[in-house]
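Counting along the sequence shown from 1, when you hit position 346 you're at 346 in full-length UniProt numbering, and nothing is skipped either side.
Single-structure report; data block below.
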Amino acid sequence: MLGPFALKGVRTTNISVCPENMAEAPAGSGKVVLFRQQKRGGLTYRIPALLYLPSEKTFLAFAEERSSPRDEDAKFLVMRRGRKEGETVQWDHSYSKNKAPELRKQQLWNGVPVLDIERRTFVLRWVCGWESETGAETHISEWHQIRTGRNAARLCCVSSQDGGRTWSPATDLTERAIGEELSRWATFAVGPGHGVQLSSGRLVVPAYAYYIHKRLFGWPLSCWIKPHCFTFYSDDGGRNWSRGQLLKTLRTSECQVAELTCPDNRQVLYCSARSLHKYRAGALCADDGDQFTNPSLCKELHEPPRGCQGSVVSFSPMLESLDLSRKEEAGKPTPPVDDQPFSACLKRATSWLIFSHPTNRHKRTDLGIYLNTSPLNPGSWKAPWVLNRGPSGYSDLAVCQEGNTQMFGCLFECGVSCECEEIAFQLFTDVELLRNIGESCSGARLPSEV
């Protein structure tokens with residue numbers, strides 16, 4: 001049961017969705033549809049977020065339910081549960097959506113789940129948009145807030161200690177987490193997609209704000225309102241949250257973060273952000289999410305016109321299970337990463353990154369999975385494996401590692417004529433990932449295949 005919107009009383013409705021597609025999702029078998037648009041221009045599901053609960057071997061798939069495809073028509077956050085059984089996922093045939101009477105004037109955007117493994121608790125954060133008190137405006141779009149410089153967004157949070165079956169009352173964190181800085185923001189949002197827990201225990205939720213750089217006689221100038229990414233973070237399991245510093249060097253918006261382990265065992269936080277500069281933006285942070293530095297544009301990761309959200313996760317490669325040695329050949333110098341064959345790159349990294357995003361630079365189509373085996377080098381992304389041919393939009397990734405088996409789940413928007421027709425799930429293994437990525441890298445083969 002999903003109850004993330006309950007302040008006091010809660011009403012729950014169960015809805016059956018696509019039962020013919022919900023038997024199971026085996027690894028490598030292709031996508032399985034979890035949410036489907038009822039009719040063109042009507043009830044639509046968008047903005048996927050995916051979380052894996054290791055203790056329950058369960059995937060939680062979140063989405064916005066909207067009365068139309070428009071952002072300002074988001075009404076609920078909905079959730080489905082998928083039980084991992086070996087290399088398959090058994091999805092529930094229904095989901096629940098809850099809404100309290102106190103929230104009848106809210107729009108609900110961008111659910112961002114983040115798991116606290118030690119406390120076996122996960123936190124769900126989202127942004128609410130309030131209708132005007134006069135009722136004259138029933139929907140307040142992000143563009144309207146940017147144009148007027150008047151923020152209508154609130155930061156809300158709930159938590160669950162039983163895998164999302166029951167939830168705490170919702171809490172408005174806006175004033176505590178943002179404070180006076182809010183007066184300088186035209187609007188803001190979190191994610192979308194998942195948050196992360198760092199090795200230090202800190203919970204980190206990616207976010208972005210439209211910052212008002214200049215005013216004229218006290219009025220915000222819309223041409224000087226620019227998007228910049230940052231993070232919210234908590235060191236006490238999600239009870240209290242702080243705000244990191246905005247990355248003002250580039251215009252960046254929707255973003256995700258992943259923790260990397262350097263060769264000397266230091267941890268850094270990597271941020272991948274949607275940009276208005278034709279390419280994906282990347283930045284690093286050495287202080288657990290407070291301030292990102294050294295931003296750069298990743299020329300291998302193209303943005304379509306107006307950009308698109310993408311998802312990034314880090315993982316520790318299980319080289320032994322892939323029959324790959326961690327050691328370089330003695331006495332031979334290591335060539336630059338860009339000069340190494342794909343199989344050689346596999347031997348060097350402590351943490352790897354994978355990234356999901358439409359591969360077509362002209363429109364949102366052909367969702368690809370990109371691999372970076374040297375994440376500290378922004379130019380070392382490999383040619384993508386196209387996971388979904390055709391219209392593709394937002395996506396979210398999750399890592400599932402159990403014993404010698406490492407798998408990944410991808411929840412993504414797709415369709416036949418438009419990317420907002422469906423939200424589908426696909427499971428794939430590390431071997432499948434490397435085989436397909438390797439085939440994209442000049443026909444290189446994995447060592448185990450030689």
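Cβ coordinates follow ideal geometry from the N, Cα and C atoms, glycine included.
Contact between the region 192-205 and the region 231-239 is defined here as three or more beta-carbon pairs at a separation below 8 Å; is this criterion met?
yes
Can you tell me whether ASP116 is buried or exposed, with buried defined as 16 or more other CB within 10 angstroms of its CB?
Flag for ASP116 reads buried.
Cβ-Cβ distance between ILE423 and TYR95 below 8 Å:
no
Opening and closing residue of the alpha helix (DSSP H) in which THR148 lies
Taken as a continuous stretch (DSSP letters only), the alpha helix (DSSP H) holding THR148 covers 142-148.
Strand pairing of ARG361, partner residues [DSSP]
DSSP, once it has assigned bridges, lists no residue as partnering ARG361.
Nearest candidate by alpha-carbon position, reference GLY82, set LEU155, GLY409, ARG306
GLY409 is the residue among LEU155, GLY409, ARG306 whose C-alpha sits nearest the C-alpha of GLY82.
Measure the C-alpha to C-alpha separation of SER374 and ASN360 and round it to an integer number of angstroms.
24 Å
If you measure between the beta carbons of CYS156 and THR171, is that distance less than 8 Å?
Yes, they are a contact pair.
Can you give me the C-alpha to C-alpha distance between CYS400 and LEU247, rounded to a whole angstrom?
C-alpha separation (whole angstroms): 31 Å.
How big is the Cα-Cα spacing for GLY193 and PHE355?
12 Å
In angstroms with no decimal places, state the Cα-to-Cα distance between LEU50 and VAL158.
16 Å
How is the beta strand (DSSP E) around LYS177 delimited, first residue to last?
Looking at the sequence itself, residue 177 is Ala, so the reference to Lys does not match. First-last for ALA177: 174-178, but that is the alpha helix (DSSP H), not the beta strand (DSSP E).
Given this structure, state the Cα-to-Cα distance separating ARG40 from PRO69, to the nearest angstrom.
9 Å
State buried or exposed for SER380, treating a residue as buried only when at least 16 other CB atoms are found within 10 Å of its CB.
buried
What's the call for CYS223, buried or exposed, on a 16-neighbour Cβ count within 10 Å?
exposed
For ILE77, which option in ARG306, PHE35, PHE425 has the closest C-alpha, if you only look at C-alpha atoms?
Note on identity: in this sequence residue 77 is Leu, with Ile being the wrong assignment. Considering only alpha carbons, the answer is PHE35.
Whole angstroms are fine: how far does the CA of GLY163 sit from the CA of GLN291?
31 Å
Taking just the CA atoms, how far does LYS382 sit from GLU303?
Near 16 Å, if we compare the C-alpha coordinates of LYS382 and GLU303.
Selection from ASP288, GLY390, ALA281 that minimises the alpha carbon distance to LYS299
ALA281
What's the gap between the Cα of TRP385 and the Cα of LEU427?
14 Å
CYS418 and SER392 - do their beta-carbons sit closer together than 8 Å?
No. Outside cutoff.
Three-state secondary structure assigned by DSSP to LEU433
LEU433 falls in the helix class under three-state DSSP.
Pull up the distance between the alpha-carbon of ILE437 and that of ALA189, whole angstroms please.
33 Å
Exposed or buried, GLY307, counting other C-beta atoms within 10 Å across all chains shown (16 or more means buried)?
buried
Would you mind working out which of SER67, GLY195, PRO54, TYR52 sits nearest VAL114, comparing C-alpha positions?
A check of alpha carbon separations from VAL114 across SER67, GLY195, PRO54, TYR52 identifies GLY195 as the nearest.
Thinking C-beta only, is HIS277 closer than 8 Å to LEU297?
yes
Scan the region 197-256 and note each continuous beta strand (DSSP E) run of 3 residues or more that stays entirely inside, going in chain order.
Counting whole runs of 3 or more residues, the region 197-256 contains the beta strand (DSSP E) stretches 203-212, 225-234.
State the beta-bridge partners of SER122 as determined by DSSP.
Before going further, note that residue 122 is Phe rather than Ser in the sequence given. Looking at the DSSP assignment, PHE122 forms a beta bridge with LEU115, SER160.
Residues in the same chain with beta-carbon distance under 8 Å from ARG184, minus the five sequence neighbours each way, listed in chain order, please.
TYR211, ILE212
Report all residues from its chain with a CB closer than 6 Å to the CB of ARG251; omit the five preceding and five following residues, and keep chain order.
Short of 6 Å from the beta carbon of ARG251, and not among the five residues preceding or following it, lie these beta carbons of its own chain, in chain order: LYS226, PRO227, LEU276.
For PRO378 and ASP288, what's the separation of their Cα atoms in angstroms?
When rounded, the distance between both Cα atoms is 20 Å.
Tell me, to the nearest whole angstrom, how far the beta carbon of SER67 is from that of LYS57; I am working on the premise that it is less than 8 Å.
The pair is not a contact, with the Cβ atoms about 35 Å apart (cut-off 8 Å).
Among GLU402, ARG119, TRP241, nearest to GLY179 - alpha-carbon criterion:
TRP241
Going by other Cβ atoms of all chains shown within 10 Å of its Cβ, with 16 needed for buried, is PHE217 buried or exposed?
Exposed, since its Cβ has fewer than 16 Cβ neighbours within 10 Å.
Which of the three DSSP states is assigned to GLU65 in this structure?
Residue state, collapsed to three classes: strand.
So, helix, strand or coil for SER183, using DSSP?
helix
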